[in-house]
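Student: Residue numbers (UniProt numbering): 1 to 172.
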């Protein structure tokens with residue numbers, strides 16, 4: 001029988017654990033993305049996705065390809081994508097301020113035209129439903145969470161298009 005010191009046994013034991021953990025992680029990487037593997041380890045407020053799951057005061061600015069800007073302020077509810085999915089479902093109750101292309105300056109209009117031609121980028125595909133008094137807006141696009149927060153208000157920019165609009169008198 002081999003004589004192995006206590007230190008040698010510990011090294012062997014640690015080596016087996018490291019090999020097991022690495023093989024487990026590599027198997028997980030094969031099936032999922034890295035942020036899904038480590039999601040349970042990262043505290044909720046530090047996730048890279050940027051969307052905070054709890055309902056909170058949020059300002060969402062929607063830039064539509066039609067040249068309109070919608071600024072929505074209210075309480076945001078986030079439904080994260082299901083396993084294998086990539087689309088966030090956002091709902092917000094609050095006030096809506098609409099700015100048409102006639103009202104915005106020429107520089108922003110040019111910026112919107114450039115955005116329309118580029119591939120969408122951001123933190124993920126988003127379906128946004130806005131409830132404002134007796135009106136309902138629907139938007140779809142790519143959202144980006146802006147890192148700075150003012151007065152504990154999360155800021156989100158969405159680039160996309162208006163899917164629908166409903167009030168008690170008209171629907172789109």
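Don't be surprised by glycine CBs; every beta carbon is placed ideally from N, CA and C. No experiment lies behind these values; they were computed from the predicted model shown.
Along the beta strand (DSSP E) that carries residue 88, what are the first and last residues, could you check?
Tutor: Residue 88 -> beta strand (DSSP E) spans 87 to 99.
Student: So, is residue 63 buried or exposed, given that buried needs 16 or more other C-beta atoms within 10 angstroms?
Tutor: By the 10 Å Cβ count, residue 63 comes out buried.
Student: Leaving out the 5 sequence neighbours to the left and right, which residues in its chain are closer than 6 Å to residue 140 when beta-carbon positions are compared?
Tutor: So the list reads 127, 160 and 163, once near-sequence residues are dropped.
Student: Going by alpha carbons, who is nearest to residue 88 out of 152, 6 and 143?
Tutor: That would be 143, whose Cα lies nearest to the Cα of residue 88.
Student: In the DSSP assignment, the beta strand (DSSP E) including residue 157 goes from what residue to what residue?
Tutor: Counting along the chain, the beta strand (DSSP E) containing residue 157 begins and ends at 153 to 166.
Student: What residue does the beta strand (DSSP E) around residue 75 start on, and which one ends it?
Tutor: Note, residue 75: beta strand (DSSP E), 69 to 79.
Student: State yes or no: is the C-beta of residue 133 within less than 8 Å of the C-beta of residue 146?
Tutor: No, the Cβ-Cβ distance between residue 133 and residue 146 is not below 8 Å.
Student: In angstroms, rounded to a whole number, what distance separates the CA positions of residue 16 and residue 86?
Tutor: Approximately 36 Å, taken between the alpha carbons.
Student: By DSSP's criteria, residue 139 is part of a beta bridge. Which residues make up the other side?
Tutor: Its beta-bridge partners are 128 and 162.
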